[in-house]
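Residue numbers (the working numbering): 6 to 152.
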């Protein structure tokens, strides 16, 4: 007499199916990760350019204001301390450099006598030359100090 009970089928995945899944996930990761990293770098570059535009605009406005009678009629660029002080050059605190990872907020380094693009020390933030009114990123992750 034969057994009349239905046959059980085994559930689960075979090793071939698991390896195939891992290969597909690996390929997707290999494609997506560089795209994500490029997106992140592009975002940081745009944020850096935007912050520099605001800083340069504030410095130019201060220079123009100082040449008028209200500013004693002598055109001059703000000092580093004036640039750092809220309400003198900028209405809000100096924006952070998006490439800066030293943890110090609103960091501006004195760059008098330095050429634009030079990184000064390891402090990050912004390098500002009060003699010429130039300001640039004090980091060089992807060439942002040349913006």
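Using N, Cα and C, we set each Cβ at its ideal position, and we do this for glycine too.
- Residue 18 is classed as exposed because its beta carbon has fewer than 16 other beta carbons within 10 Å across all chains shown.
- Going by C-alpha positions, residue 34 is about 21 Å away from residue 20.
- Annotation for residue 67: 83, 94 place their beta carbon closer than 6 Å to its own, counting only its chain and skipping 5 residues before and after.
- In this structure the stretch 71-78 does not touch the stretch 101-114; the number of beta carbon pairs closer than 8 Å is below three.
- Its Cα nearest to that of residue 122, the residue 141 stands out among 141, 14, 41, 55.
- About 7 Å separates the beta carbon of residue 119 from that of residue 132, a gap short enough to meet the 8 Å contact definition.
- When DSSP states are grouped into helix, strand and coil, residue 133 belongs to the strand group.
- For residue 52, the enclosing alpha helix (DSSP H) starts and ends at 20-72.
- Burial of residue 103 is indicated by the presence of at least 16 other C-beta atoms within 10 angstroms of its C-beta.
- The criterion of a C-beta distance shorter than 8 Å is satisfied by residue 129 and residue 112.
- If you draw a 10 Å sphere on the C-beta of residue 98, you find fewer than 16 other C-beta atoms in it, and that means exposed.
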